[in-house]
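Structure record follows, encoded as structure tokens.
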Amino acid sequence: MIPPRRWLILAVISSALLLIVIDMTVLYTALTGGMLKSNGTGWVRCRS
9 MIPPRRWLIL AVISSALLLI VIDMTVLYTA LTGGMLKSNG TGWVRCRS
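Just so you know, we're using the numbering used here here: the sequence shown kicks off at 9 and counts up by one.
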């Protein structure tokens, strides 16, 4: 049987990974939407 402490460590790591994935998804959505609205991709293309 697995000791209770391992379950706690597994729960903490799993919740941390879930928060990171949600944060990255929100940031990606916000940043790409902002870039499209501000025509940021055209600016990057002109500078290259």
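From the three backbone atoms N, C-alpha and C, an ideal C-beta is built for every residue, glycine too. Since we're looking at a predicted model, the values are computed, not measured.
- Measure the C-alpha to C-alpha separation of S22 and A38 and round it to an integer number of angstroms. 24 Å
- Query: Exposed or buried, which one is S56 when buried takes at least 16 other CB atoms within 10 Å?
  - Reply: For S56, the pLDDT reaches just 45, beneath the cut-off of 50, and the residue's location in the model is therefore unreliable, although a value from the coordinates is still provided. Exposed, since its Cβ has fewer than 16 Cβ neighbours within 10 Å.
- Three-state secondary structure (DSSP) at P11? coil
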